[in-house]
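Residue numbers (the working numbering), protein chains in the order written: chain A, 28 to 265; chain B, 4 to 17. Note that the Cβ used here is the ideal one computed from N, Cα and C, for glycine as well. Bear in mind that the values here come from a model prediction, so they are computed numbers and not experimental data. Here is the structure we will look at.
In structure tokens, the structure reads:
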């Protein structure tokens with residue numbers, strides 16, 4: 028019970044956007060002119076913008092992790108390993124809250140945006156499509172806020188990440204989180220959720236696709252391109 | 004190697 032309260036409190040304290048606000052604004056979409064303006068941006072500028080938004084979201088995930096009971100008791104190597112491997116995955120899970128499955132738009136820079144708004148990302152368009160498909164499938168599960176909170180914690184605290192120094196300690200923490208999640212699901216009669224969650228490999232594949240696209244971008248541009256990206260983004264993905 | 008992550012983790016509960 029204590030652990031559940033801690034997961035929920037950590038999640039609420041570090042949530043970037045409130046669910047009510049996202050819901051209230053879900054039909055506030057970009058106009059045709061605004062979409063065109065985004066499409067006319069250079070590929071470099073659009074990548075930088077997206078990297079900026081991803082980095083902001085990741086900073087909230089780091090704060091979430093810090094508040095999770097047990098996370099800061101892991102050795103520093105393992106804290107870094109878990110965040111490096113899991114932060115982007117958590118951001119993708121959170122995206123289902125900011126996604127309107129009825130018109131396939133996502134909250135981006137103040138309004139809801141369809142995939143076409145990201146056209147200037149060039150070849151990364153496939154990645155956008157995959158991310159939208161993932162958000163759509165997660166939306167179909169209609170997860171509550173407490174469920175998203177636990178899913179975030181469980182994506183992060185994963186004992187099978189490579190390079191962990193104390194995997195046993197991580198798996199002990201994970202086990203406690205799993206128990207808390209099961210109790211919550213039982214209480215809310217949502218046990219079926221566990222069987223309907225997308226396979227873990229899907230998140231991993233999206234994250235590798237993101238890194239591959241970033242590498243392809245770097246091959247086509249001078250190294251100075253990355254100077255304009257947020258330092259935390261470069262540290263995690265470049 | 005992960006200077007920024009280290010810093011973020013060490014900065015209290017900001």
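Within 9 Å, strictly: CB atoms of residue i and residue j
| i | j | result |
| --- | --- | --- |
| residue 161/A | residue 230/A | yes |
| residue 154/A | residue 73/A | no |
| residue 188/A | residue 109/A | yes |
| residue 5/B | residue 111/A | yes |
| residue 11/B | residue 89/A | yes |
| residue 353/A | residue 38/A | Because chain A spans 28 through 265 in this model, residue 353/A falls outside it and cannot be assessed. |
| residue 165/A | residue 95/A | no |
| residue 242/A | residue 150/A | no |
Delimiting residues of the beta strand (DSSP E) encompassing residue i
| i | result |
| --- | --- |
| residue 132/A | 132 to 135 |
| residue 114/A | No beta strand (DSSP E) holds residue 114/A; the alpha helix (DSSP H) holding it covers 103 to 121. |
| residue 138/A | 138 to 141 |
Enclosing alpha helix (DSSP H) for residue i [first to last residue]
| i | result |
| --- | --- |
| residue 93/A | 70 to 94 |
| residue 10/B | 6 to 13 |
| residue 200/A | 194 to 214 |
| residue 36/A | 29 to 41 |
Residue-chain proximity (residue i, chain B), Cβ-Cβ < 9 Å
| i | result |
| --- | --- |
| residue 36/A | no |
| residue 196/A | no |
| residue 81/A | no |
| residue 251/A | no |
| residue 295/A | Nothing about residue 295/A can be read from this structure; chain A reaches only from 28 to 265. |
| residue 99/A | yes |
| residue 189/A | no |
| residue 118/A | no |
| residue 30/A | no |
| residue 103/A | yes |
| residue 110/A | yes |
| residue 183/A | no |
| residue 86/A | yes |
| residue 75/A | no |
| residue 106/A | yes |
| residue 93/A | yes |
Residue i: contacting residues in chain C (beta-carbon distance under 8 Å)
| i | result |
| --- | --- |
| residue 262/A | Looking at the structure shown, chain C is missing, and the protein chains on hand are A and B. |
Any chain A beta carbon closer than 9 Å to residue i
| i | result |
| --- | --- |
| residue 17/B | At residue 17/B, the pLDDT of 38 sits below 50, so the modelled position is not reliable; the number obtained from the coordinates is stated separately. Yes, its Cβ sits closer than 9 Å to a Cβ of chain A. |
Supposed contact pair residue j and residue i - C-beta distance, whole angstroms, cut 8 Å
| i | j | result |
| --- | --- | --- |
| residue 143/A | residue 62/A | 6 Å |
| residue 118/A | residue 158/A | Not really, about 10 Å apart at Cβ, beyond 8 Å. |
| residue 34/A | residue 228/A | Not confirmed; about 24 Å, so no contact. |
- Task: Mind the definition here: the stretch 211 to 226 of chain A touches the stretch 248 to 263 of chain A only if three or more C-beta pairs lie below 8 Å; say whether that holds.
- Result: Cβ pair count under 8 Å is below three, so no.
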